Amino acid sequence: MSNLDMSEAIRLLAQEKGLSEDSLLHVLVDALASAYKRRPGAADEVVVEVDPDTMDFTFTAYDLDEDGNWVNERDDTPRREELGRIAAQTFRQVMSQRIREVERDRKFEEYANREGDIVTGIIQQTDTRYTLLDLGRVEALLPQAEQVPFERPQPGDR
């Protein structure tokens, strides 16, 4: 994948998921660092930097002494072919996991300040303790204490 293709993929993924390109670049850096560490002979610590304009990556590797201090700094930017299958799988898994985390955090922040507000949703299911509501992009649990007494909501009701 060329750098131009990667830049376009980041832009499209950010647009599709409703995330910022900057947050996806941070996810990409984390995934690349994890993939690097799976590589045979990898350094103890690595700092990955990406130029958002050119999508060029720089891997700065650090060796640690017994006390955990950085003792040796070197440029260890691998070619894509050098990372291998295990690193590619690690990259894919970390990328997917971090994107889910960013999406979950964004959804939480969107609704966290609405606690106590009245919102409209569609009832998915109900039991004696909770009612599960679909609020559009998220689902919510409505405890029995927050519901109208003796009202029996049915799935599909608003």
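The opening position of the sequence shown corresponds to residue -17 in this note's numbering, with each subsequent residue numbered one higher.
Beta carbons: idealized from backbone N, C-alpha and C, even for Gly.
Note that this is a predicted model, so its numbers are computed, not measured.
Output the distance between the C-alpha atoms of Glu133 and Gly98, rounded to the nearest integer angstrom. 20 Å
Between the CA atoms of Arg111 and Pro137 - distance to the nearest angstrom: 15 Å
Return the chain-ordered list of same chain residues with a C-beta closer than 7 Å to the C-beta of Thr72, the five sequence neighbours on each side being excluded. In chain order, Ser16, Ala17 and Arg20 place their CB closer than 7 Å to the CB of Thr72, counting only its own chain and leaving out the 5 sequence neighbours on each side.
Check: Asp45 C-beta below 7 Å from any heavy atom of the ligand ATP: The model on display carries no ligand, and the ligand ATP is accordingly not part of it.
If you run the structure through DSSP and keep just helix, strand and coil, what is Phe73? helix
Sub-8 Å separation of Thr42 and Val53 beta-carbons: At the C-beta level, Thr42 and Val53 stay beyond 8 Å of one another.
Using the Cβ count rule (16 or more neighbours within 10 Å means buried), how would you classify Ile(-8)? buried
How long is the line joining the alpha carbons of Ile68 and Met77, rounded to whole angstroms? Whole-angstrom Cα-Cα distance: 14 Å.
Hey, could you find the ends of the alpha helix (DSSP H) Asp4 is sitting in? Element bounds for Asp4: Glu3 to Lys19.
My understanding is that Glu85 touches Leu1, with C-beta atoms under 8 Å, so please give their C-beta distance in whole angstroms. The C-beta distance from Glu85 to Leu1 rounds to 7 Å, short enough to fall under 8 Å.
Assuming Val29 is part of the beta strand (DSSP E), what are its boundary residues? Glu27 to Val32
Pairing CB atoms from the stretch 116 to 126 with CB atoms from the stretch 32 to 47, are three or more of them under 8 Å? no
So, with DSSP's three-state summary, where would you put Ala127? helix
Apply the 10 Å Cβ neighbour rule to Leu10 and answer buried if 16 or more other Cβ atoms are within range, or exposed otherwise. buried
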